[in-house]
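To start, the structure under review is shown below, and the notes come after it.
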Amino acid sequence: MLGKTLAEKILGSHTEQKDVAAGDIVVAKVDFLMVNEALTRIIPILEDMGVEKVWDPERILVVNDHWAPAADTRSAEMHIKSRRFVKDHGITHFCDVNCGIAHQVLPEMGLVKPGDLIVGSDSHTTTYGAFNAFSTGFASTDSALIAATGENWFRVPQSIRIDVQGQIPDMVMSKDLILRIIENLGSDGANYQSIEIHGPVIDAMSVGSRMTMCNMGVEAGAKCTLMTVNETVRNWMKTRASDVRWAPVEPDQDAEYVDQITLDLKKDPLEPMVATPHSPNNGRPISEVEGTPIDQAFIGSCTNGRLEDLAIAAKIVDGKKVNRDTRFIITPASTEVYMEAVKTGVVETLIKAGAVVTNSTCGACIGGGLGVLGPNEVCVSSTNRNFRGRMGHPDSLVYLASPATVAASALTATISDPRSV
Amino acid sequence: MFDDDINTDLIIQGRHLTMLDYSEMAKHTFEILRPEFAKEVKPDDIVIAGRNFGGGSSREEAPAVLKTLGIGCVVAESFARIFYRNGFNIGLPLMVVPDISSDIEDGQLVTIDFTEGTLTIDHSRVLSGEPLPALMQEMLEAGGAVQMYLKRK
């Protein structure tokens, strides 16, 4: 029998047959379902299906995060519907507009554990791969089927294995690494596939930095992005879910991969990367775009709105001022992140430098509010997508970069290398 | 006809997603690339695209607005995975035909045979698509995933 990849092992353990291989179409039982405002679409589907009670009210998280607090009457209506649904179905885990972004709050609540199969009604659900969980984004109909039955069909994905050797230099971040990886893969380089990321660089990473990478695997089309458990994940589980039993999942030595890539950062050092408009796969070394004038610098989103992201920004702008030709907007990924940033003085440093710190929400990343771009405006952003019109006007331009690069750029009103400020 | 990498933001922008009425939202389909699209499209028209159609956000609104406009089928060289699921889930037929972009021009008459998995251009040239997995065929025949669930229940 051939060895198994992480995806084959985790997905297989949730099926009746247990032994599954890439290419199989299987029915799997899901451990947890996350739904955001897509719930507005899911409710009528459940009604069509004649479902009166969800499969397990303790294994669903309902989050109002995309337009929080409501940005207009339409999003307000969506939130009314989700609140009513939570009451009607007795949903245990509910995050209203005061919590933050789903992909940050679900792990914070201790609801993700290694080996889990998690589905969310959002493409960036791949984020929980950082916790050794097979997690993937579905849309409304698939989410409704899971809400009703706790299961759905999956095609077991083939896997690409990436090993990262060496180390990441100062002021360079995991965002730069994933921008380089998805530039190599292209927008559909991992379509339908699982990306496994291994190696000493990943083992040494903080939980937040790992989440950034797994979050953006979907920008290469991946169904999931998976890592093995490291010390920082163990500590996270101890603090967040001390009473939960779990076991780490490792791929077999002889697992079969469609591609194996080694990135040696000693031989080929990692530089700050910037993805130019209009694709996250347009990653370029910062030297190629340095000096591009910007109207807005944004740090936030499920990709890079965590404490370490805000902290490095504060370190860069400490005692300095945001350039008058730009504006610096910061949206912490969750209220917990926000509070920690207040406690540690990060928020004060940022505000003193001239930044605007907003409540926790998806906000500007989806053009939903709190930093929407006007015609011909240019933004350097720590978010995940720079598709045309994503953050506002169809004629606006978005450059994706690490929080360090965004903060450095806020000081000069041009795209700037964080190693040089 | 559309290029490679048509992502779901290009099919329907995020800022329109709060509209609850699909027929209202559908007026904004492909707004950035072809503002006239929603007005000019006719029932059973076929959308042809290159590689990786429907990448990006998981929004089911993307196939839903196409279905609302009466699109008969989307034919592409490949589909992003979530869009592919969503299409069949809501009963919007999708077909993978390698190199379709180079074989066809805007405005040509296309006939599709799902059981045979073939596409005919102007009654003359026949191209073969990739065969549908059995599950997808069952779903299409049922009219979508919800209908299939109700049938199996």
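Chains as they are written, first to last, in this note's numbering: chain A, 1 to 421; chain B, 422 to 574. Just so it is clear, CB atoms sit at the ideal spot from N, CA and C, and this is done for glycine as well.
Under 9 Å, do residue i and residue j count as touching if we go by C-beta distance?
i                      : j                      : result
residue 11 of chain A  : residue 254 of chain A : no
residue 304 of chain A : residue 113 of chain A : no
residue 71 of chain A  : residue 368 of chain A : yes
residue 408 of chain A : residue 420 of chain A : yes
residue 102 of chain A : residue 54 of chain A  : no
residue 94 of chain A  : residue 61 of chain A  : yes
residue 197 of chain A : residue 182 of chain A : no
residue 121 of chain A : residue 34 of chain A  : yes
residue 65 of chain A  : residue 105 of chain A : yes
residue 266 of chain A : residue 158 of chain A : no
residue 453 of chain B : residue 438 of chain B : no
residue 168 of chain A : residue 258 of chain A : no
residue 561 of chain B : residue 521 of chain B : no
residue 278 of chain A : residue 397 of chain A : yes
residue 75 of chain A  : residue 134 of chain A : no
residue 92 of chain A  : residue 52 of chain A  : no
residue 77 of chain A  : residue 553 of chain B : no
residue 108 of chain A : residue 245 of chain A : no
residue 394 of chain A : residue 357 of chain A : no
residue 321 of chain A : residue 354 of chain A : yes
Whose Cβ in chain B lies nearer than 8 Å to the Cβ of residue i?
i                      : result
residue 74 of chain A  : 439, 440, 441
residue 138 of chain A : 479, 503, 506
residue 213 of chain A : The contacting residues do not exist; residue 213 of chain A stays about 18 Å from chain B at best.
residue 427 of chain A : The requested residue 427 of chain A is not part of the displayed model; chain A covers only 1 to 421.
residue 387 of chain A : 428, 430, 431, 477
residue 121 of chain A : 479
Who are the Cβ neighbours of residue i in its own chain at under 6 Å, not counting the five residues just before and after it?
i                      : result
residue 310 of chain A : 341, 346
residue 365 of chain A : 301, 383
residue 564 of chain B : 512
residue 416 of chain A : 408, 409
residue 312 of chain A : 403, 404
residue 262 of chain A : 163
residue 480 of chain B : 429
residue 221 of chain A : 188, 190, 191
Note down, in chain order, each residue of its chain lying with its Cβ closer than 7 Å to the Cβ of residue i, except the 5 sequence neighbours on either side.
i                      : result
residue 425 of chain B : 471, 472, 473
residue 207 of chain A : 130, 232, 233, 236
residue 276 of chain A : 282, 284, 289, 399
residue 29 of chain A  : 14, 150, 151
residue 458 of chain B : 450, 451
residue 295 of chain A : 326, 377, 378, 379
residue 178 of chain A : 212, 213, 216
residue 373 of chain A : 296, 379, 391, 392, 393, 396
The beta strand (DSSP E) with residue i in it runs from where to where?
i                      : result
residue 119 of chain A : 117 to 120
residue 283 of chain A : 283 to 285
residue 260 of chain A : 259 to 264
residue 94 of chain A  : 93 to 95
residue 163 of chain A : 159 to 165
residue 362 of chain A : Looking at the DSSP string, residue 362 of chain A is not in any beta strand (DSSP E), and its letter there is neither H nor E.
residue 327 of chain A : 327 to 330
Kindly list, in the order they appear in chain A, the residues whose Cβ is closer than 9 Å to that of residue i.
i                      : result
residue 554 of chain B : 25, 155
Give the range of the alpha helix (DSSP H) segment to which residue i is assigned.
i                      : result
residue 198 of chain A : Looking at the DSSP string, residue 198 of chain A is not in any alpha helix (DSSP H); the run it does join, the beta strand (DSSP E), is 194 to 198.
residue 149 of chain A : 140 to 149
residue 181 of chain A : 174 to 185
residue 238 of chain A : 231 to 240
residue 506 of chain B : 502 to 511
residue 427 of chain A : Only positions 1 to 421 of chain A appear in the structure, and residue 427 of chain A is not among them; the question remains open.
Can you name, in chain order, every residue of its own chain whose Cβ lies under 8 Å from the Cβ of residue i, other than the five neighbours on each side?
i                      : result
residue 488 of chain B : 511, 512, 513
residue 38 of chain A  : 121, 122, 139, 140, 143
residue 546 of chain B : 524
residue 467 of chain B : 492, 493, 494, 495, 496, 531, 533
residue 56 of chain A  : 150
residue 148 of chain A : 46, 49, 51, 54, 55
residue 43 of chain A  : 81, 85
Residue i touches chain A at which residues, Cβ-Cβ below 7 Å?
i                      : result
residue 472 of chain B : 188
residue 436 of chain B : 367
residue 511 of chain B : 141
residue 567 of chain B : 45, 48, 49, 141
If the cut is a Cβ gap below 8 Å, which residues of chain A does residue i touch?
i                      : result
residue 564 of chain B : Here the premise fails: no neighbours, minimum Cβ distance about 11 Å.
residue 530 of chain B : By Cβ distance, chain A contributes nothing, its closest Cβ being about 29 Å from residue 530 of chain B, past 8 Å.
residue 499 of chain B : 188, 191
residue 487 of chain B : Here the premise fails: no neighbours, minimum Cβ distance about 14 Å.
What does residue i touch in chain B if you count any residue whose Cβ is under 9 Å from its own?
i                      : result
residue 259 of chain A : Simply none; closest approach about 17 Å.
For a contact defined as C-beta to C-beta under 7 Å, what are the partners of residue i on chain B?
i                      : result
residue 394 of chain A : 453
Query raised in the report: Between the segment 346 to 362 of chain A and the segment 84 to 104 of chain A, are three or more C-beta pairs nearer than 8 Å?
Result: Yes, since at least three Cβ pairs between the segment 346 to 362 of chain A and the segment 84 to 104 of chain A fall closer than 8 Å, the two stretches touch.
Query raised in the report: Is the segment 166 to 181 of chain A touching the segment 72 to 86 of chain A in the sense that three or more CB pairs, one from each, lie closer than 8 Å?
Result: Short answer: they don't touch.
Query raised in the report: Between the segment 153 to 162 of chain A and the segment 18 to 25 of chain A, do at least 3 Cβ pairs fall closer than 8 Å?
Result: Counting Cβ pairs under 8 Å, three or more are found: they touch.
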